[in-house]
Amino acid sequence: MNIRTYISQLIVLVVLMGCDPSQINSPYTEEEGASAVLYQSFSERPKHLDPATAYSENEYAFIAQIYEPPFQYHYLKRPYQLTPLTASKMPEINYLDSQGNKLVGDVQDHDIAYTDYVIDIQSGIQFQPHPALAKNAQGEYRYHHLSEAQIQEVKTLNDFVDTGSRELTAEDYVHQIKRLAHPKIQSPIAEMMKNYIIGFEDFSKQVASLQKTELKNQSISGVEVTGRYQYRIRVKGKYPQFIFWLAMPFFSPMPWEADVFYEQAGLSNKNITLDWYPIGTGPYLLAENNPNRRMILLKNPQFHSELYPSEGEPGDKQNGLLADAGKRLPFIDKVIFTLEKETIPYWTKFLQGYYDASGIASDSFDQAIQFTGSGGATLTDSMKEKEIKLQTLVEASIFYMGFNMLDPIVGGDSESARKLRQAISIAVDYEEFISIFRNGRGVVAQGVIPPGIFGYTDTKAGINPYNYDWIDNKAQRKKIEEARHLMEEAGYLNGIDPKTNEALILYFDTAAVSVDDRPTMNWYRKQFEKLGIKLVVRGTDYNRFQEKMRNGNEQIFVWGWNADYPDPENLFFLLYGPNSKVKYGGENAGNYQSAAFDKLFEKMRNMDNNEQRYQIIQELQEVVRHDAPWVFGFHPKNFSLFHSWYSNLKPNVMANNRLKYTRIDTLERTEKRKHWNHPQWLPVILTLLVFVCLLVPAIHAYRRSAKETLQ
Amino acid sequence: MIQYIIRRFFYAFPLLLGVNILTFVLFFIVNSPDDMARMQLGQKHVTEQSIANWKQQHGYDRPLLWNPKASGEEKVTQTIFYQKSVGLFLFRFGVSDSGRNIGADIQERMWPSLALALPTLIVGLLVDVTFALMMVLFRGGTLEQAGIVLCVALMSISSLFYIIGGQFIVAKVLKLVPISGYDDGLIAIKFLILPVLIGVFSGVGSGVRWYRTLFLEEVEKDYVRTARAKGLSETQTLFRHVLRNALIPILTGVVVILPLLFMGSLIMESFFSIPGLGSYTIDAINSQDFAIVRTMVFLGSVLYVVGLLLTDISYTLVDPRVRLS
Chain A
1 MNIRTYISQL IVLVVLMGCD PSQINSPYTE EEGASAVLYQ SFSERPKHLD PATAYSENEY
61 AFIAQIYEPP FQYHYLKRPY QLTPLTASKM PEINYLDSQG NKLVGDVQDH DIAYTDYVID
121 IQSGIQFQPH PALAKNAQGE YRYHHLSEAQ IQEVKTLNDF VDTGSRELTA EDYVHQIKRL
181 AHPKIQSPIA EMMKNYIIGF EDFSKQVASL QKTELKNQSI SGVEVTGRYQ YRIRVKGKYP
241 QFIFWLAMPF FSPMPWEADV FYEQAGLSNK NITLDWYPIG TGPYLLAENN PNRRMILLKN
301 PQFHSELYPS EGEPGDKQNG LLADAGKRLP FIDKVIFTLE KETIPYWTKF LQGYYDASGI
361 ASDSFDQAIQ FTGSGGATLT DSMKEKEIKL QTLVEASIFY MGFNMLDPIV GGDSESARKL
421 RQAISIAVDY EEFISIFRNG RGVVAQGVIP PGIFGYTDTK AGINPYNYDW IDNKAQRKKI
481 EEARHLMEEA GYLNGIDPKT NEALILYFDT AAVSVDDRPT MNWYRKQFEK LGIKLVVRGT
541 DYNRFQEKMR NGNEQIFVWG WNADYPDPEN LFFLLYGPNS KVKYGGENAG NYQSAAFDKL
601 FEKMRNMDNN EQRYQIIQEL QEVVRHDAPW VFGFHPKNFS LFHSWYSNLK PNVMANNRLK
661 YTRIDTLERT EKRKHWNHPQ WLPVILTLLV FVCLLVPAIH AYRRSAKETL Q
Chain B
1 MIQYIIRRFF YAFPLLLGVN ILTFVLFFIV NSPDDMARMQ LGQKHVTEQS IANWKQQHGY
61 DRPLLWNPKA SGEEKVTQTI FYQKSVGLFL FRFGVSDSGR NIGADIQERM WPSLALALPT
121 LIVGLLVDVT FALMMVLFRG GTLEQAGIVL CVALMSISSL FYIIGGQFIV AKVLKLVPIS
181 GYDDGLIAIK FLILPVLIGV FSGVGSGVRW YRTLFLEEVE KDYVRTARAK GLSETQTLFR
241 HVLRNALIPI LTGVVVILPL LFMGSLIMES FFSIPGLGSY TIDAINSQDF AIVRTMVFLG
301 SVLYVVGLLL TDISYTLVDP RVRLS
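Chains as they are written, first to last, in our numbering: chain A, 1 to 711; chain B, 1 to 325.
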């Protein structure tokens with residue numbers, strides 16, 4: 001940085017601090033100009049930005065705006081439904097027999113040996129400008145053969161002067177599937193996809209010793225480019241949920257040039273990798289990547305034409321959600337994500353208007369939300385005064401208390417153990433839990449399925465009849481006496497274990513061992529005390545806890561699951577016998593095994609959403625409610641706050657690429673920021689005056705004492 | 001002096017090796033390579049095969065300290081300890097378990113840490129020394145007593161309180177500075193004013209009391225009495241003679257921490273969103289990233305050794321009687 005830059009920065013600093021009084025506490029130093037800039041925050045740095053490896057919410061917050069899988073969730077329609085994104089239409093799905101012949105007519109599941117997904121993508125879609133695609137006048141790639149000296153000079157991706165682009169083709173999607181299979185990339189879904197995509201496992205072995213740059217010339221038997229804009233994926237048997245995977249960033253296109261560019265020796269030493277510098281076709285590109293400070297997304301100048309949806313749910317029009325119907329996306333030019341680890345500065349910045357949206361931390365909850373007499377959440381007066389908007393959304397997740405079904409006391413399918421579990425299910429009052437520990441942010445679970453997923457109902461038919469009664473048109477937890485009665489039937493009268501003639505001791509295994517977790521653990525103890533059971537909390541570190549779970553050494557535990565896609569299969573599989581954690585290392589953490597459940601699940605998972613599937617789902621719910629392998633805990637409810645200048649907001653737990661639909665009114669924001677951020681100089685001046693007033697007599701006293709010494 | 005520095009360098013080598021072994025043992029008592037793989041691969045769809053694959057890709061599929069299956073020197077070299085530790089002595093920090101180059105991360109993050117820590121140290125030192133001298137100036141009087149009470153009161157308050165209180169009053173109520181954030185170059189001043197002020201203020205209590213003790217020890221010495229007898233005023237005596245002679249203990253405290261300023265401050269950087277190294281180690285421990293943990297512990301040890309060496313050298317600069325041999 002030269003002296004001229006320093007001087008210009010000094011001038012900017014002086015201007016910002018001195019002349020514009022509304023900007024003195026602004027954390028932003030760049031001029032917005034006429035562009036629409038959205039200010040967001042993130043609390044945890046993303047680990048991966050490569051779509052083959054990224055799998056968490058904080059990573060999707062970025063890459064879902066950059067990469068485009070062939071399909072996406074409709075922004076407005078409910079229940080959630082898929083629509084084409086880069087695909088020109090929904091995929092053609094063909095069922096094949098074991099010989100590879102296409103099955104026609106009324107196809108039975110057992111006849112289907114393979115399913116082909118034929119995907120057509122739109123022509124004319126371009127990748128974002130990127131150095132990996134830059135070519136020289138001779139048509140050769142400009143930066144594919146960098147010398148050591150050239151790499152030495154580079155610090156960030158922006159140091160590459162030239163960029164290029166090219167058209168998206170089906171080959172790019174196929175290349176990404178090859179990347180998913182490459183062992184060196186370590187995609188979290190690779191092991192799972194081996195069970196579905198034909199040739200995936202063999203391909204993985206075939207390329208194990210090869211560099212990523214060589215993937216281009218290798219072929220995978222089940223994934224084939226059938227035209228410049230068409231490719232075909234062949235999966236084993238019938239797997240209707242596969243289409244949901246095609247709407248996740250894992251299946252986004254990746255140009256082979258990206259691997260060739262980033263794999264050049266020396267670039268990774270500067271953290272210039274595909275894992276940190278994406279290359280996509282989406283509405284935004286990552287212009288600045290400093291995960292320790294801020295990430296900046298800029299509107300992709302090459303973004304293809306995509307229009308705001310013209311259809312939605314009833315009521316969307318009245319709520320202004322169709323005002324932008326048919327307009328070209330995105331509406332926001334630049335998004336600045338700032339790392340904000342602590343909730344106090346984060347919340348203050350939101351109130352000052354420096355963040356456009358905010359979650360609500362526990363310590364600011366009372367400041368933002370109040371509950372009405374009927375139990376509904378509403379904004380406090382101070383929030384209403386600022387015209388802040390509240391949006392609530394029940395997540396497609398479930399937190400539950402699980403029983404280890406291999407345990408001799410709480411597990412197994414004996415009548416005694418089942419009644420013990422049912423009694424505990426009544427006693428553990430999750431309504432109270434939500435009220436105390438989550439500020440009311442949750443919905444008590446009546447079964448496995450969260451609201452918004454096919455099969456869920458909030459009517460009388462949807463309650464857990466073993467734990468709840470339907471009274472006054474709402475579910476009401478059964479009285480504790482019924483739980484005590486079940487305890488008696490289970491052979492534990494008043495909670496006394498007949499083997500020891502003392503209170504039954506159960507063990508709660510957890511990794512929640514911090515001081516902050518003590519109230520929660522005490523609460524669990526009290527719930528079990530209602531039945532006379534002594535609950536012993538066995539706290540351990542995260543690794544040992546996981547080890548216990550893998551070996552089946554736990555007794556009672558708390559676990560959670562966030563659905564990958566809006567299908568009941570992605571939740572019920574958590575109780576499917578062949579997914580047992582101890583036996584098969586699967587996601588069935590409690591090792592629940594029920595022949596009736598497994599049979600119903602196998603039937604349900606491949607079905608389309610129709611009345612018959614709905615009925616089977618209800619049967620599945622009934623089986624697990626009766627067997628009670630879980631105390632169905634709660635579905636978390638997300639509370640978000642938005643400033644009045646933020647519009648086109650509709651909760652959508654499945655779509656991660658929501659940014660392109662949203663809009664901000666920058667004029668209103670500027671006005672409100674000015675109004676809210678007048679600096680208060682008077683207290684500072686008064687403090688200085690007091691200091692001077694104290695200093696004068698002190699100096700006077702010192703001079704007098706100095707004179708006295710001399711005398 | 002050169003000989004002395006070389007000797008200290010060689011003394012440091014076994015010390016650093018010991019620190020390295022200790023870090024390695026402590027880390028792997030708590031975490032196994034399998035645990036690390038699970039942490040990096042996330043919660044969903046993790047299979048034994050993917051764990052084995054991760055370990056192989058990151059070099060954690062070898063034995064920890066001794067490889068009985070290997071032959072000759074490979075029994076030692078084909079171990080996780082050897083493969084992951086030798087590079088440190090050449091300042092090759094390698095790649096973190098999440099795939100980022102550690103050296104590049106440290107280079108990027110140490111400057112914001114320094115931008116916060118250095119002004120806090122300098123301003124803090126000036127303020128502490130000035131107030132300590134003033135208290136010595138008014139020693140035996142009500143002002144000194146009041147100063148001591150104030151210092152004890154300031155020392156008794158948690159630094160977290162200063163941070164939250166400072167943010168609340170200065171940034172939220174008075175709206176004079178951004179509550180958190182950072183920028184490059186001189187614009188960073190705008191973001192550093194408040195954390196530096198808070199850093200200085202939170203250290204005033206203990207700092208002033210410490211320097212007051214040093215100065216009080218000096219003012220009773222013969223040369224001070226001589227200076228007074230020669231007719232120097234109290235301020236001249238204190239600022240010209242006492243301060244200069246009290247520099248050795250001041251240097252002991254200051255120079256030793258100078259290299260460590262690069263390492264940053266966890267709480268301060270976290271609350272003010274300063275992208276420094278403060279949280280780098282803690283984040284790495286939480287995410288079981290051994291590559292970063294070993295690097296940061298090693299770097300901390302090296303910087304401490306350098307700090308001690310600098311202190312010894314600085315003695316010779318401020319006190320001509322001291323010779324390094």
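Even for Gly, the Cβ is constructed at its ideal location relative to N, Cα and C.
Same chain, Cβ closer than 6 Å to residue i, five either side skipped, listed in chain order
| i | result |
| --- | --- |
| residue 662 (chain A) | 648 |
| residue 564 (chain A) | 570 |
| residue 287 (chain A) | 296, 298 |
| residue 389 (chain A) | 642 |
Same chain, Cβ closer than 8 Å to residue i, five either side skipped, listed in chain order
| i | result |
| --- | --- |
| residue 604 (chain A) | 568, 569, 572, 613, 616, 617, 620 |
| residue 245 (chain B) | 218, 221, 223 |
| residue 131 (chain A) | 142, 143, 157, 160, 162, 163, 164, 261 |
Expected contact under 8 Å - CB spacing of residue i and residue j to nearest Å
| i | j | result |
| --- | --- | --- |
| residue 295 (chain B) | residue 88 (chain B) | 7 Å |
| residue 281 (chain A) | residue 228 (chain A) | Not really, about 15 Å apart at Cβ, beyond 8 Å. |
Beta-ladder partner(s) of residue i, from DSSP
| i | result |
| --- | --- |
| residue 40 (chain A) | A:337 |
| residue 182 (chain B) | In DSSP, residue 182 (chain B) forms no bridge with anything. |
| residue 233 (chain A) | A:117, A:223 |
| residue 167 (chain A) | A:126 |
| residue 539 (chain A) | A:510 |
| residue 288 (chain A) | A:296 |
Other residues of its chain near residue i: CB distance less than 7 Å, five sequence neighbours each side excluded
| i | result |
| --- | --- |
| residue 241 (chain B) | 223, 224, 227 |
| residue 411 (chain A) | 403, 404, 405, 417 |
| residue 710 (chain A) | Per-residue confidence for residue 710 (chain A) stands at a pLDDT of 48, beneath the threshold of 50, marking its modelled position as unreliable; no derived number is given. |
| residue 64 (chain B) | 28, 79, 80, 81 |
| residue 288 (chain B) | 31, 35, 36, 39 |
Alpha-carbon to alpha-carbon, residue j and residue i
| i | j | result |
| --- | --- | --- |
| residue 105 (chain A) | residue 92 (chain A) | 15 Å |
| residue 337 (chain A) | residue 42 (chain A) | 6 Å |
| residue 138 (chain B) | residue 310 (chain B) | 34 Å |
| residue 10 (chain B) | residue 249 (chain B) | 26 Å |
| residue 627 (chain A) | residue 413 (chain A) | 7 Å |
| residue 84 (chain A) | residue 252 (chain A) | 13 Å |
| residue 66 (chain B) | residue 33 (chain B) | 15 Å |
| residue 529 (chain A) | residue 26 (chain B) | 39 Å |
| residue 72 (chain A) | residue 651 (chain A) | 15 Å |
| residue 373 (chain A) | residue 245 (chain A) | 43 Å |
| residue 19 (chain A) | residue 358 (chain A) | Residue confidence for residue 19 (chain A) is low, a pLDDT of 47 falling below 50, so the modelled location carries little weight; the figure read from the coordinates is stated next. Roughly 30 Å between the two C-alpha positions. |
Residue i: CB within 7 Å of a non-hydrogen atom of the ligand SAH
| i | result |
| --- | --- |
| residue 524 (chain A) | As for the ligand SAH, it is missing from this structure, which has no ligand bound. |
*asked:* Across the stretch 629-646 of chain A and the stretch 353-360 of chain A, are there enough close Cβ pairs to call them in contact, namely three or more that are closer than 8 Å?
replied: yes
So does the stretch 674-691 of chain A actually touch the stretch 426-433 of chain A, counting three or more Cβ pairs closer than 8 Å? No contact exists between the stretch 674-691 of chain A and the stretch 426-433 of chain A.
ask   = Okay, do the stretch 191-204 of chain B and the stretch 106-123 of chain B touch, 3+ Cβ pairs below 8 Å being the bar?
value = yes
The stretch 136-143 of chain A contacting the stretch 291-305 of chain A, beta-carbon criterion three pairs below 8 Å
The answer is no - the stretch 291-305 of chain A does not touch the stretch 136-143 of chain A, with fewer than three Cβ pairs under 8 Å.
Assess contact between the stretch 533-552 of chain A and the stretch 495-510 of chain A, defined as three or more Cβ pairs (one per stretch) separated by less than 8 Å. Is contact present? yes
Item checked: Stretch-stretch touch, CB-based, cutoff 8 Å, three pairs: the stretch 136-150 of chain B with the stretch 299-311 of chain A -> no
If you pair each beta-carbon of the stretch 120-128 of chain B with each one of the stretch 274-287 of chain B, do three or more pairs fall below 8 Å?
-> no
Inter-stretch contact at 8 Å, needing at least 3 Cβ pairs: the stretch 63-83 of chain A / the stretch 271-281 of chain A: yes
Could you check whether the stretch 257-273 of chain B touches the stretch 328-345 of chain A, counting it as contact only if at least three pairs of C-beta atoms, one from each stretch, sit closer than 8 Å? With the cut-off at 8 Å, the stretch 257-273 of chain B and the stretch 328-345 of chain A touch.
Checklist line | Any 3 or more C-beta pairs closer than 8 Å across the stretch 105-119 of chain A and the stretch 231-246 of chain A | finding: yes
Requested in this report: Give a yes or no on contact between the stretch 151-163 of chain B and the stretch 307-321 of chain B, applying the rule of three or more CB pairs nearer than 8 Å.
Outcome: no
**Asked** Taking one C-beta from the stretch 575-590 of chain A and one from the stretch 67-74 of chain B each time, how about it: are there three or more such pairs within less than 8 Å?
**Response** no
query = How do the stretch 195-204 of chain A and the stretch 212-227 of chain A stand: do at least 3 beta-carbon pairs fall below 8 Å, yes or no?
reply = yes
TODO: Indicate whether the contact test is met: 3 or more Cβ pairs, each with one atom in the stretch 442-458 of chain A and one in the stretch 540-547 of chain A, closer than 8 Å.
DONE: no
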